[in-house]
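Asks:
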Amino acid sequence: MATTTQPTTPTKTVANQTKFLVLCKVCDQICSKQGKGKKQILEQFINKWRSNHSDLHKDDITTTDSFYPAMRLLLPQFDKERGAYGIKETTLAKYYIEILNLSKDSTDALKLLNYRAPQTAKAEAGDFANVAFFVLKHRCYKEGELTIEDINTYLDEIALSHAENRRDNVKKSLFSLLRRTSAFEQKWLIRIIMKSMKLGQSELTVLNAFHPDAKEAYDNSSSLLKVCTLLRDPSVRGHEIAISLFSPFRPMLAETANPEKMDKILTKTFYVENKLDGERVQMHTDGKKFMYFSRNSYDFSDSFGSTSTQGPLTCHIASCFKSHVVNCILDGEMVGYNLNTNCIGSKGENFDVKSLKDDKEYQPCFCVFDVVMYNGSVLTNLPFSERIKCLNNLFTPLEGRLQFTTRAEVKSKQDAIDKLNEAIDKREEGIVIKNPTSIYKPHDRKAGWYKIKPDYVDELMEQLDLLIIGGNFGEGRRRGLPSHFLLGVAVDPKIPGEKPTVFHSVCRVGSGYSLKELYELNMQLGEHWQKFDKNSPPHCIVVENNQRERPDIWIEPSKSRILQIKAAEINKSDKFKTGYTLRFPRVEKVRYDKDWHDCMTLSEFEQLRKQSYGKLALHHVSSEPAVKRQRIAVKEKPTLPPQFRGPDASCIKKESDLFAAKEFYVINGPVKYSKNDLETLIIKHGGEIVQDTGPDTYCVIADKLNARVRMIIIREKYDVVKCSWLLSCIEQKQLVNWTPSCMWYSTKKTIDRLALDFDEYGDSYTEEIDEKKLKSIFQQIDVRQIEKLSSRDILDLEMEYFPDSSLGLFRSCIMHFDQNPSLNLIRSKFLFYGGNVSEEIHKQVNHVVVHTNDLSNLEELKSLNRSRRQKFHIVSHDWIENSIKDKALHAEKNYQPT
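Take the sequence shown: its letters are residues 1 to 898, numbered as in full-length UniProt numbering.
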């Protein structure tokens, strides 16, 4: 008698027993509370979760159930285990419009698409999740049925579908979520997908509410899963640092120190290392696989080589490791090694160490100063002196590729000062003093390491990392560009570890950078500038209320950049909110490697000012007090080069009134006509020229787009016209009407006028077209948008407009062909009919084809397929032949080779 197999009962977890609605209500309550009330609500939810966990699992210590399913929803921006969704607000709006079958011109559809519009109700404005809630609240159930586990499953499917470029599956998952959740749940689901919960509290608060060691554990592992698994019990402290091979962690940091502090530091023998000007990197290796992670846990393995035969670095150093090394994690600095001078370069020499190749002047070199793991054993709890002994026996140095940092023992303050002065003479970044007994504490800056740079001479940094908070437009060659920047320091947040929200002005800077550097900086900041309203200034930046130092424009701090500033002194000033300013400030470099919130704080600025008596000049460090130097004021009278003053109108004879009563601002011209030439032509024909836009400017003239033109376009106030239009008017001796093809940028008023006569590509409704105009229209079509079309998009277009054609038959297929010469012709046919071929079997591959005369790799392919979550079809070559013959894809199951 045959026995029937009973279905297995799913394992009960807190996540599949807790409705998603419960979590949504908790988030809503947190938003409505202030201060400590937020954390209390969160702690109550976590305690309830732990209580349910105990009831479900009792004494089962083997259970893998944890708070992780809820944590990854509360902190979606930290959930690195789940891939990206590839969905922004506009994309999600289009999905909702399609799923809800809304007319694109309907009120609700326009609300979703224009969620930032000021016309939207204040409760909704700018918040897509709120806008969606108001659109959905009459179209969804009042209460959803999904659990927290269900939500995570759907989100995993969306992330996987995005990774595999299956847009239809994304919409299918969203449709299921829409059908099974309330509008209230959809609001929080959208915030999770957008990875912006807007709970009014920092991620640190959430982690601390879960466990006092959660932040440290996350810094060590960058994994919420590990945090929730290792720290499941709140009564057990995370003393053991969770470091594992091929998992990034936040490296140990050095505390900023100055020469005076050496008396307290150097109570016994210490180590001194030279501080290198490179990129902090940790290297993980098991001898075959190599991984390189940055200070912020970004994976740069591809830049340096992930195997012993790849990359500009790994292929050279893999053989350096001694035979007893099975695996290890090394901490160090990735620097550029100058092949001409045989020495280490600095980042100021304008190279990116992550992009260096063997054929360049510089090559990547890994300078190692610590070992964190050796042969599976974590060494973080060993003293630094013991880790050095282990480190010295791991590899044989290879100059210019893999080196130890220079290290020496010091026993007194004078010894350390001598080492610092030696670094100053060598133009090195400074020194790092390390306590031999210090253990390795990831992301800890007060654990026994101290950095002293030449910039800290006289107990004060010579270089200050200040944030751009405002700007003023320049003159001359910088006209039209924000070239003088208002800089600020961050007001220390009340809760340590949180990001600052308010910045105080400290100085303005307008020198030290080239025009190229200025253009590059403005290209990044351009779209984020906002006009400064003195009557309603932004709350996040505080400036003194004086006309001279008030900026023309301001920028949200989170969108800004840090400038590294050098200056001579710190002087008193009533023009800036700090009460002080910098004398002769100049830009050393833009700190693209630092986040906006890593700028100098107000307390650091004040502390350094008091300790140094305002001196910032760089000299040899001495144990004797520095002699105060006489201040010498240097004044320069600014001048404007003649080529930027414009032509003298009094010397130009007027020829016509073609441009009478019209004011032009000319930025640049073509090869045959300089800026000055075009301005002269305008004056000859009755027009007026200005060197900056104003209320009476008719239009801006430009032959090519540059940073200055783009800045004007961003302001959206003026029409920007190609200089070919100006020359055409002069040639035809009449004012030629504007057409879309002669515009770099059109204001809304001009767009509305042009729309009466031209379509979106510049094709006239009334004028006959010739070959030249047709070519011009084709050039207006954005080819980049066509290139961005996925295979699915192209297939949809082919089915809509060419239903009887089979040329796109395999458009949705990503095929890997087995190694067989007999498949070459089949491969060509597959490509001809729109297929995509991959040389490797990656996640996006959905078909693998083999030839029936050689099935030697079949079992290996089947084994690989069984190990994949997303399966691929294994078909014989006949599937392609017969599908082409019948102009339709056959069922793959009928062509499975055996």
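Quick reminder that beta carbons are idealized off the backbone N, C-alpha and C, glycines included.
Which first and last residues belong to the alpha helix (DSSP H) in which Val671 is found?
Replies: Run containing Val671: none; DSSP gives neither H nor E here.
Asks: Do you know how far the Cα of Pro397 is from the Cα of Val325?
Replies: 15 angstroms
Asks: Whole-angstrom Cβ separation of Ile874 and Val850, contact assumed at under 8 angstroms?
Replies: 7 angstroms
Asks: Based on Cα-Cα distance, which residue from Ser202, Ile99 and Ser182 lies nearest to Pro76?
Replies: Ser202
Asks: Which word fits Leu774, buried or exposed, when buried means at least 16 other C-beta atoms lie within 10 angstroms of its C-beta?
Replies: Classification of Leu774: exposed, given that the 10 Å Cβ count is below 16.
Asks: Which of helix, strand or coil does DSSP assign to Gly488?
Replies: For Gly488, the three-state secondary structure derived from DSSP is strand.
Asks: Where do the N-terminal and C-terminal ends of the beta strand (DSSP E) with Trp596 fall, by residue?
Replies: Here Trp596 belongs to no beta strand (DSSP E), and DSSP marks it neither H nor E.
Asks: Give the DSSP-derived three-state secondary structure of Met197 in the structure shown.
Replies: coil
Asks: Roughly how many angstroms separate the alpha carbons of Lys389 and Tyr374, rounded to a whole number?
Replies: 12 angstroms
Asks: Evaluate Phe184 with the Cβ neighbour count: other Cβ atoms within 10 Å of its Cβ, from every protein chain shown; 16 or more gives buried, anything less gives exposed.
Replies: buried
Asks: Can you tell me which residues form a DSSP beta bridge with Val410?
Replies: Phe270
Asks: Taking C-beta to C-beta, are Asp370 and Asn327 nearer than 7 angstroms?
Replies: no
Asks: Roughly how many angstroms separate the alpha carbons of Phe485 and Ser32, rounded to a whole number?
Replies: 38 angstroms
Asks: By the DSSP assignment, the beta strand (DSSP E) with Lys589 in it spans what residues?
Replies: Annotation: the continuous beta strand (DSSP E) that includes Lys589 extends over Arg586 to Arg591.
Asks: Go to Asn522, then tell me how far its alpha helix (DSSP H) extends in each direction, as first and last residue.
Replies: Leu515 to Leu525
Asks: Less than 8 angstroms between the CB atoms is what I'm expecting for Cys540 and Val489, so what's the real figure, rounded?
Replies: The C-beta distance from Cys540 to Val489 rounds to 13 angstroms, too long to meet the 8 angstroms contact threshold.
Asks: Quick one: what does DSSP say Ala567 is sitting in, helix, strand or coil?
Replies: Coil, per DSSP.
Asks: Which same chain residues end up closer than 6 angstroms to Asp886 when comparing Cβ atoms and leaving out the 5 residues on each side of it in sequence?
Replies: none
Asks: In the structure shown, what three-state DSSP assignment does Thr147 receive?
Replies: Here Thr147 carries a strand assignment [DSSP, helix/strand/coil].
Asks: In three-state DSSP terms, what is Asp770?
Replies: coil
Asks: Alpha carbons only, please: which of Leu391, Ile468, Glu164 and Gly762 is nearest the one belonging to Lys594?
Replies: Ile468
Asks: Helix or strand or just coil, what does DSSP make of Lys264?
Replies: helix
Asks: Compare the Cα-Cα distances from Ile701 to each of Glu716, Ile682, Lys36 and Gly686 and report the closest residue.
Replies: Ile682
Asks: Start and end of the alpha helix (DSSP H) containing Gln530?
Replies: Gln530 -> not in any alpha helix (DSSP H); beta strand (DSSP E) instead, spanning Trp529 to Lys531.
Asks: Quick check on this structure: which residue in Gly526, Arg50, Glu604 and Val837 has the alpha carbon closest to the alpha carbon of Ala15?
Replies: The candidate whose alpha carbon is nearest that of Ala15 is Arg50.
Asks: Whole angstroms are fine: how far does the CA of Thr380 sit from the CA of Ser221?
Replies: Using only the alpha carbons, I get a separation of about 14 angstroms.
Asks: Under 6 angstroms from any heavy atom of the ligand GDP, does the C-beta of Asn846 make it?
Replies: In terms of ligand content, the structure shown is empty, and the ligand GDP therefore cannot be addressed.
Asks: Does the beta-carbon distance from Pro251 to Asp331 come in below 7 angstroms?
Replies: Yes.
Asks: Should Leu756 go down as buried or exposed, given a rule of 16 or more other Cβ atoms within 10 Å for buried?
Replies: exposed
Asks: Ignore the nearest five residues each way along the sequence and tell me which others in Cys128's own chain have a CB closer than 6 angstroms to its CB.
Replies: Sequence check: residue 128 is Phe here, not Cys. Around Phe128: Glu89 and Tyr115.
Asks: Tell me the DSSP bridge mates of Gln363?
Replies: Tyr337
Asks: Assign Gly275 to buried or exposed, taking buried as 16 or more other Cβ atoms, counted over all protein chains shown, within 10 Å of its Cβ.
Replies: Looking at the sequence shown, residue 275 is not Gly but Lys. The residue is buried, with at least 16 neighbouring Cβ atoms inside 10 Å.
Asks: For Trp49, which three-state DSSP category applies?
Replies: Correct three-state label for Trp49: helix.
Asks: Quick check: is the beta carbon of Gly400 nearer than 7 angstroms to any beta carbon in chain C?
Replies: Considering every chain present, this structure includes no chain C. It has just one protein chain.
Asks: Measuring CB to CB, does Ile433 end up less than 7 angstroms from Val272?
Replies: Their beta carbons are under 7 angstroms apart, which means Ile433 touches Val272 by this criterion.
Asks: What's the gap between the Cα of Asn836 and the Cα of Gln403?
Replies: 45 angstroms
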